[in-house]
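There are 4 protein chains.
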Amino acid sequence: MTDKKERIINTALILFANDGYNAVSTSKIAKEAGVSEGLIFKHFSNKKGLLDAIVKGAECRTGEFFAPILEEMEPLEVIKQLIILPFMAIHEDSYSYWKLQFKLKWQEEYNKPNNFKPLLDKLTWAFNELGYKEPAMEAEILMKVLDGIAISILREGLEGQLKFKAFLLEKYIK
Amino acid sequence: MTDKKERIINTALILFANDGYNAVSTSKIAKEAGVSEGLIFKHFSNKKGLLDAIVKGAECRTGEFFAPILEEMEPLEVIKQLIILPFMAIHEDSYSYWKLQFKLKWQEEYNKPNNFKPLLDKLTWAFNELGYKEPAMEAEILMKVLDGIAISILREGLEGQLKFKAFLLEKYIK
Amino acid sequence: MTDKKERIINTALILFANDGYNAVSTSKIAKEAGVSEGLIFKHFSNKKGLLDAIVKGAECRTGEFFAPILEEMEPLEVIKQLIILPFMAIHEDSYSYWKLQFKLKWQEEYNKPNNFKPLLDKLTWAFNELGYKEPAMEAEILMKVLDGIAISILREGLEGQLKFKAFLLEKYIK
Amino acid sequence: MTDKKERIINTALILFANDGYNAVSTSKIAKEAGVSEGLIFKHFSNKKGLLDAIVKGAECRTGEFFAPILEEMEPLEVIKQLIILPFMAIHEDSYSYWKLQFKLKWQEEYNKPNNFKPLLDKLTWAFNELGYKEPAMEAEILMKVLDGIAISILREGLEGQLKFKAFLLEKYIK
DNA sequence: CATGAATGAGCGTTCATTCAT
DNA sequence: CATGAATGAACGCTCATTCAT
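Chains as they are written, first to last, in our numbering: chain A, 55 to 228; chain B, 55 to 228; chain C, 55 to 228; chain D, 55 to 228.
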């Protein structure tokens with residue numbers, strides 16, 4: 055991957071995450087990245103192709119966070135690691151990746167397969183192992199909470215949400 | 055309010071909710087509403103002004119749903135009514151209002167003050183009345199769950215989420 | 055039809071006829087016509103739509119030349135009028151219309167139905183009435199000659215071809 | 055001539071003939087020919103230079119068809135061979151050469167000297183030898199017919215035009 | 001109140017061409 | 001000889017907005 059191609063991806067990621075895919079023009083990306091506009095299309099064919107390349111790259115990075123949880127065989131540890139996931143994963147480096155991810159959810163036309171399904175299944179398994187009466191529903195509820203926390207972190211920063219880490223760990227892990 | 059002005063608002067609401075504010079052109083709104091494009095600007099001066107008018111109208115309607123909860127003085131009843139709120143509020147008539155509301159949350163440029171703050175405060179009060187140890191945090195958590203449910207209803211329909219109503223009522227009301 | 059709309063059509067006709075449809079940009083048409091580029095698309099939706107409007111207009115004008123021939127019931131008169139047709143029809147006013155017509159023939163993608171078929175049929179009828187052995191072939195041959203003359207007129211002017219009028223009339227009408 | 059250079063010429067010829075010079079991009083030629091786009095400019099400096107190379111090559115090939123006619127000293131044989139020329143020359147191998155040739159006639163900017171002038175002169179000579187009253191005009195008329203036949207062959211295939219071969223031979227050779 | 005002709009800036013994209021390797 | 005990254009100008013087209021009527 056050439057330097058300029060990488061600069062396009064990085065610039066576009068940040069701009070897309072901040073302003074939304076539609077609101078960012080390819081000319082702005084090019085200008086910001088210090089590249090000619092045509093180069094974007096040489097490398098990615100489309101504006102959409104550029105987005106795809108970004109998302110694919112992001113999936114690799116987020117996958118790294120998911121893998122250890124999916125492999126964990128201790129139910130309580132699964133729940134614990136899932137609770138602390140949003141607090142660990144959304145740091146400076148990957149902030150834009152996550153923000154883009156959540157923004158795209160509201161972009162009807164960009165219907166990528168649900169990224170979080172494997173985590174939900176694992177969580178259901180954990181609740182089941184622990185003898186919860188309604189493991190599937192417990193899992194979905196906790197996921198909604200963590201989703202909400204992630205959204206708040208992305209919008210208002212980490213600090214305001216940190217209190218929930220201890221609270222949820224206490225509630226679910228005791 | 056003239057007939058045509060109202061038609062513009064109603065048409066734009068539906069289009070904005072479905073396709074997003076940026077993706078809908080004023081020309082499409084005019085065509086769909088059966089009015090001239092110029093009329094939109096006579097009435098609302100801006101495309102943004104049209105959005106503001108819609109949001110203001112929406113706030114009135116959603117406020118009607120919030121009022122009885124805010125006036126309720128029985129803590130358990132507050133929680134109960136809040137839990138069933140997303141299942142009651144998001145029906146055909148107001149579906150577009152809510153969808154637009156949630157979509158706008160992700161448009162950075164449209165940063166209206168948090169609509170749900172009064173509800174959150176009331177919920178905190180209720181949990182406090184009921185002797186919960188961390189009423190503020192309990193309230194925020196429940197709000198995040200309900201937020202997540204509302205989002206799912208808007209994206210996938212009511213049916214898949216109905217199960218959570220009973221589950222949450224059982225959990226919080228016993 | 056507004057003044058500007060008409061100016062767009064007239065300007066585009068001349069440019070298309072001279073330089074070819076693909077070689078003329080909408081921005082050039084707008085500039086030459088003294089109009090904003092956007093207006094072209096307001097009136098004709100497409101660049102292609104503009105071409106269609108021109109061709110439709112041209113068909114009316116060329117139809118006026120064809121009608122009297124198609125109604126003529128005297129075989130010799132049919133042939134005579136057809137021979138003099140290219141010399142009469144391609145004058146200053148309609149020069150661009152014909153040039154465009156012939157140019158579009160080589161534009162594979164623009165496959166309009168054969169305009170000259172009715173004339174060919176009438177000519178075949180005339181040759182048949184006059185007792186020619188192979189009226190269909192005689193008609194096609196004469197049409198090819200007249201086609202060739204029209205092409206030469208469009209490319210090199212009327213003068214060089216005028217001699218053929220007398221020659222052909224002598225040959226076919228005696 | 056290197057293999058790749060030849061591949062560029064052959065590919066471009068076919069593409070130009072089918073889609074027209076302007077409609078074919080250098081990138082498409084490169085892709086289709088399996089070479090890098092830069093190589094086209096190394097060899098021909100311009101897109102126009104590539105076209106020139108093709109046309110020059112084509113002139114050699116078409117010249118091979120003209121030579122025997124120009125050398126023929128029997129008037130009737132000249133006419134006969136000229137009549138059958140379009141039916142002989144436009145076969146699979148050289149189809150694209152002729153199609154391109156005729157297409158370029160309508161590109162104003164590509165005004166190459168009339169290729170067919172020597173043939174016309176020879177034909178005039180032949181008609182003169184045979185005692186025709188207006189040999190020059192007879193020659194031009196027959197050339198226009200053959201031109202029209204060539205065009206029809208290129209656009210609709212050989213079959214529909216074959217009938218004219220016998221008809222014209224009968225008419226001119228008896 | 002309402003229309004619709006008209007605009008100008010910007011969009012995503014294509015293209016012929018250059019140049020370092 | 002050959003590549004392919006890179007460019008800049010132009011393209012067809014969309015858009016929010018203005019204004020005379």
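Even for Gly, the Cβ is constructed at its ideal location relative to N, Cα and C. This structure is a prediction, so every number in the text was calculated from the model and none was measured.
Under the three-state reduction of DSSP, Met-55 of chain B is assigned to coil, being neither helix nor strand.
Ranking C:Ala-143, C:Ile-94, C:Val-132 by CA distance to the CA of Glu-113 of chain C puts C:Ala-143 first.
Annotated as proximal: Phe-181 of chain A and Pro-189 of chain A, with beta-carbon spacing under 8 Å. Residue-level contact check: Asp-106 of chain A does not touch chain B, since none of the beta carbons of chain B fall below 8 Å from its beta carbon. Those residues of the segment 63 to 93 of chain B placed with their C-beta closer than 9 Å to a C-beta in chain A are Asn-72, Asp-73, Gly-74, Asn-76, Ala-77, ordered along the chain.
Spatial neighbours of Leu-222 of chain B in its own chain (CB-CB distance under 6 Å, excluding positions within 5 residues in sequence) are listed in chain order as Ile-137. Residue environment analysis places Pro-129 of chain B among the buried positions, since at least 16 neighbouring C-beta atoms fall within 10 angstroms of its C-beta. Contact annotation, Phe-70 of chain D with Leu-154 of chain D: C-beta distance approximately 5 Å; criterion of less than 8 Å satisfied. Distance from the CA atom of Thr-65 of chain D to the CA atom of Gly-103 of chain B, rounded to whole angstroms, is 57 Å. Chain B places no beta carbon closer than 8 Å to that of Gly-211 of chain A, leaving this residue out of the contacts. Using a Cβ-Cβ cut-off of 8 Å, Val-132 of chain D does not count as an interface residue toward chain C, since no Cβ of chain C sits closer than that to its own. The alpha helix (DSSP H) runs lying completely inside the segment 143 to 208 of chain C and spanning 4 residues or more are 149 to 159, 171 to 183, given in chain order. Taking C-beta separations shorter than 6 Å and ignoring five residues to either side along the sequence, the partners of Ile-203 of chain C in its chain run Pro-140, Gln-215, Phe-218, following chain order. Exclusion of the five residues before and after Ser-150 of chain C leaves Leu-67, Ile-68, Ala-71 as the residues of its chain whose Cβ lies within less than 7 Å of its Cβ. Chain-order list of chain D residues neighbouring Phe-218 of chain C: Met-191, Glu-194, Ile-195, by C-beta distance under 8 Å. In this structure, the straight-line span from the alpha carbon of Lys-198 of chain B to that of Met-55 of chain A is close to 41 Å. Positions of the alpha helix (DSSP H) runs, each at least 4 residues long and wholly inside the segment 76 to 140 of chain D, are given as 80 to 87, 91 to 98, 101 to 125 in order along the chain.
At a beta-carbon threshold of 7 Å, none of the residues of chain C lie near Asp-175 of chain D; the nearest stands roughly 16 Å away. For the set B:Glu-125, B:Asn-100, B:His-145, the Cα lying nearest the Cα of Leu-212 of chain B is the one of B:His-145. The three-state secondary structure of Leu-222 of chain D, taken from DSSP, is helix.
For Leu-212 of chain A, the three-state secondary structure derived from DSSP is coil.
Ile-62 of chain B sits in a helix when the DSSP states are folded into three classes.
Val-132 of chain C sits close to Leu-177 of chain C, with the two beta carbons spaced by under 8 Å. Looking at the backbone, the Cα of Lys-228 of chain D and that of Lys-134 of chain D are separated by about 10 Å.
Annotation: Cβ neighbours of Ile-203 of chain A in chain B (cutoff 8 Å, chain order): Lys-198.
When rounded, the separation of the alpha-carbon atoms in Leu-93 of chain B and Leu-184 of chain B is 54 Å.
Per DSSP, reduced to three states, the secondary structure at Ile-227 of chain C is coil, with no helix or strand assignment.
Using a Cβ-Cβ cut-off of 7 Å, Phe-221 of chain B is close to Glu-188, Met-191 of chain A, given in chain order.
Here Ala-107 of chain B is buried, its C-beta having at least 16 other C-beta atoms within 10 Å.
Distance from the CA atom of Gly-117 of chain C to the CA atom of Leu-105 of chain A, rounded to whole angstroms, is 53 Å. With respect to Arg-61 of chain D, Val-89 of chain D sits close: the two C-beta atoms are nearer than 8 Å. Linking Trp-179 of chain B to Glu-91 of chain A through their CA atoms gives a straight-line distance of about 55 Å.
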